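Student:
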Amino acid sequence: MSRNVAVVGIGHSRFGRRTDVNIAELAFESIKQALEDAGIDRKDVGFVTVGSAGGWYEEALPAVVINEYSGFKSVGTMRVEAACASGSAAVKVARDMIASGETDIALAVGVEKMSEVDTLTSVELIGRAGSYMWEFENYGMTFPAYYALYAVAHMNRFGTTTEDLARVAVKAHKYGAMNPLAQFQRDITVEKVLTSQVVAWPLKLYDSCPLTDGSAAVVLASEEVARKLTDTPIWIRGIGYSSDSANLSKRDDYIGLRASVEAAQRAYSSSKVGPEKIDVATCHDCFTIAEIMAYEDLGFCRKGEGATLIREGQTEIGGKIPVNLDGGLKAKGHPIGATGVSMIVEITKQLRNEAGRRQASIKNGFGLAHNVGGTGHYAYVTILSRDAT
Amino acid sequence: MSSDPVLHSRRSLTLRFDIPISHTREFWDGLKEGKFLVTRCKKCGNISFPPQSDCPRCMSNEHEWVELKREGKLLTYTLVQVTPASFVDNDPYIVAIAEFQGGIKILAWLEGAKLDKIGPGIQVRLETRVSKEGNPYYVFTLPQSL
Ligand SMILES: [Zn+2]
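In order, the protein sequences belong to chains V and G. Every letter in the first sequence is one number past the one before it in the working numbering, and letter 113, counting from 1, is 113. Every letter in the second sequence is one number past the one before it in the working numbering, and letter 56, counting from 1, is 1056.
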């Protein structure tokens, strides 16, 4: 029988262009906060998982470099990779180690440092994240180009417009401006999005998440330990996961991410809750089209109706299902491996009622984090709750 | 821009891979001869693109090479304006996914097309090419009328 697991400590660095810190110093910012928030020290931690895609910073083995810098000795550790969902995967491994009884306390850290190489090299490294041989070698695919293939198909099939996509970016910036840790801190307009540079038609610069440096960390604990450490444990009720083909040419269609649909179904079923009970969510909005598809894939609306939700403001505070009140990947920033952990930090804050001006109203006590790796290559959906069962 | 001091590393790293193609050699050689070949499993009949010597359906390694009909239907596409570092010398290019006989889908550049003249559903043709460095590849082209 598996044990209940709670988030008992959270930490989050400022996201942005962080030329002031290296990878270990950046991770340390979140690790220290998370341990202090949990009221524990390093010797209490049985295992450290580090979510990081890597390749754009100088260290090849980030887990050991980070642990050494942070003063961990002899701790069990690994780097976890699931592309942009590495953070969620790191949380899942840490959760499973506690649920299985292997350890009582585990730390999941997500970190990425993307500004140490030039921008086009970053574009190249992310563009290779698919099937190198069949999509990159001869055809030079980029991350926005992958999602643009979905955008064109979705727009053609359902009448989603570039204005609808722009509304997602405007919402992201609106909440990003309320989050002091976000990379972008100012409002934008639909017109600003529509007149920004085309990166991969029809997606423009302001449809796209930025390149970001950042870290986030969570301390997880077993029920027995969690109840001693805090009065406000936030319980991990279920984690759903799935994956899809490396080659986009092997996908069934281009109007949604099958991996997201399946991960959501597994998360809902393992936590015995449906989308209608979710009070607040973070959705993987690496590009504006991704958020609209996520609404549909997660069951917040029917397939093809994602644009209606954003047009009606249903994913803002006070709407049917507030999404990305931290600014999302678009405005908060998307340090690849940190994003999944950052989402768990945000949902934990929301469920603890600690989100300040951007606090959602929590009625049922459930929050959801949806984290996609690559272009629907990996998907993780984590459901958190104020109640253990 | 930030003025934080950084150590500009003296050690640069160039990665260039020698990618094994012995299991798909017929495909690459075929392109040079103007043929577009895909693998068909001799045990279960499954057709694979990208070609692969081991069948992903039944795991048999007995396969044969068959030619794919060149006429396909455009499913989706994009114009890549901001290109990766290793493509900086290229003009912006249209990448498309098209569907062929038996539901086989392929991703490639769509040559000679203008964005305002195309849309999902139009016919495209699969053509073989050889780069000036001698590397074979393939592209989509439009019927003369477009
Ligand atoms: Zn077979």
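We put the beta carbon where it would ideally sit given N, CA and C, even for glycine. Just so it is clear, the structure is predicted and the values come from calculations on it, not from any experiment.
(1) Determine, for residue 250 (chain V), whether the minimum Cβ-Cβ distance to residues of chain G falls below 8 Å.
(2) Taking a Cβ distance cut-off of 7 Å, strictly less, list which residues of the segment 120–136 of chain V are near chain G, in chain order.
(3) Give the interface partners of residue 380 (chain V) over in chain G, defined as CB-CB distance under 7 Å, in chain order.
(4) Check whether the segment 292–307 of chain V and the segment 157–173 of chain V touch, using three or more Cβ-Cβ pairs below 8 Å as the test.
(5) Any beta-carbon of chain G closer than 8 Å to the one on residue 56 (chain V)?
(6) Classify residue 1136 (chain G) as helix, strand or coil using the three-state DSSP reduction.
(7) Would you say the beta carbon of residue 394 (chain V) is closer than 7 Å to some non-hydrogen atom of ligand 1?
(8) DSSP three-state call for residue 138 (chain V): helix, strand or coil?
(9) For residue 1149 (chain G), count the other beta carbons within 10 Å of its own beta carbon; 16 or more makes it buried, fewer makes it exposed. Which is it?
(10) What residues of chain G sit near residue 254 (chain V), judged by a beta carbon separation below 8 Å?
(11) Does any residue of chain V have a CB that is nearer than 8 Å to the CB of residue 1052 (chain G)?
(12) Should residue 1021 (chain G) be labelled buried (16 or more other beta-carbon atoms within 10 Å of its own) or exposed?
(13) Is it the case that the segment 1076–1096 of chain G contacts the segment 114–130 of chain V, given that we only count it when at least three CB pairs across the two stretches are under 8 Å?
(14) Would you call the segment 107–122 of chain V and the segment 356–371 of chain V in contact, with 3 or more CB pairs under 8 Å?
(15) Can you tell me whether DSSP reads residue 162 (chain V) as helix, strand or coil?
(16) Looking only at its own chain, which residues have a Cβ that is under 7 Å from the Cβ of residue 207 (chain V), when we skip the five neighbours before and after it?
(17) Do you know how far the Cα of residue 198 (chain V) is from the Cα of residue 1096 (chain G)?
(18) Are the C-beta of residue 1109 (chain G) and some C-beta of chain V separated by less than 8 Å?
(19) Please list the partners that residue 142 (chain V) has in chain G, where partner means a Cβ-to-Cβ separation under 8 Å.
(20) For the segment 151–166 of chain V, which residues have a CB atom closer than 7 Å to at least one CB atom of chain A, in sequence order?
(21) Could you pull out every residue in the same chain whose Cβ sits closer than 7 Å to the Cβ of residue 1120 (chain G), ignoring the five residues on either side in sequence?
(22) For ligand 1, list every residue whose C-beta falls under 6 Å from any of its heavy atoms, going in chain order.
(23) Against chain G, which members of the segment 290–301 of chain V pass a CB distance test of less than 9 Å?
(24) If we require 3 or more residues per run, which beta strand (DSSP E) segments fall completely within the segment 38–94 of chain V?
(25) Would you verify that the beta carbon of residue 65 (chain V) is, or is not, closer than 8 Å to some beta carbon of chain G?
(26) Quick one, are the C-beta atoms of residue 280 (chain V) and residue 362 (chain V) less than 8 Å apart?
(27) Considering residue 323 (chain V), what are the terminal residues of the beta strand (DSSP E) in which it resides?
(28) How many whole angstroms separate the CB atoms of residue 24 (chain V) and residue 217 (chain V), which I take to be in contact at a CB cut-off of 8 Å?
(29) Tell me which residues of the segment 6–19 of chain V have at least one Cβ-Cβ distance to chain G shorter than 7 Å, keeping chain order.
(30) If we define contact as Cβ-Cβ less than 8 Å, is residue 1020 (chain G) a contact residue for chain V?
(31) Please list, in chain order, the residues of the segment 1013–1041 of chain G that have any C-beta partner in chain V closer than 7 Å.
(32) Take the Cβ of residue 244 (chain V) as the centre, count every other Cβ of all protein chains shown within 10 Å, and call the residue buried at 16 or more, exposed below.
(33) Considering only the alpha carbon of each residue, which of V:358, V:185, V:321 lies closest to residue 364 (chain V)?
(34) Using a Cβ-Cβ cut-off of 6 Å (strictly less than) and excluding sequence neighbours within five positions of residue 93 (chain V), which residues of its own chain qualify?
(35) Can a CB atom of chain V be found closer than 8 Å to the CB of residue 1140 (chain G)?
(36) Which class does residue 263 (chain V) belong to by DSSP, given the choice of helix, strand or coil?
Tutor: By the coordinates alone:
(1) yes
(2) 120, 121, 123, 124, 127, 133, 134, 135
(3) Ordered by position in chain G, no residue passes the 7 Å Cβ test against residue 380 (chain V), which lies about 24 Å from the chain.
(4) yes
(5) no
(6) strand
(7) A question about residue 394 (chain V) goes unanswered here, because the residues of chain V that appear run from 1 up to 389.
(8) coil
(9) The shown model of chain G, from 1001 to 1146, leaves out residue 1149 (chain G), and the question about it has no answer.
(10) 1075, 1076, 1097
(11) no
(12) exposed
(13) yes
(14) no
(15) helix
(16) 165, 169, 193, 287, 288
(17) 17 Å
(18) yes
(19) 1080, 1082, 1083, 1084
(20) The structure shown contains no chain A; its protein chains are V and G.
(21) 1074, 1075, 1076
(22) G:1041, G:1043, G:1044, G:1046, G:1055, G:1057, G:1058, G:1060
(23) none
(24) 47–51, 76–80
(25) no
(26) yes
(27) That residue, residue 323 (chain V), is in no beta strand (DSSP E); it is neither H nor E in DSSP.
(28) With a Cβ gap of about 13 Å, residue 24 (chain V) and residue 217 (chain V) do not count as contacting.
(29) 17, 19
(30) no
(31) 1019
(32) buried
(33) V:321
(34) 49, 80
(35) no
(36) helix
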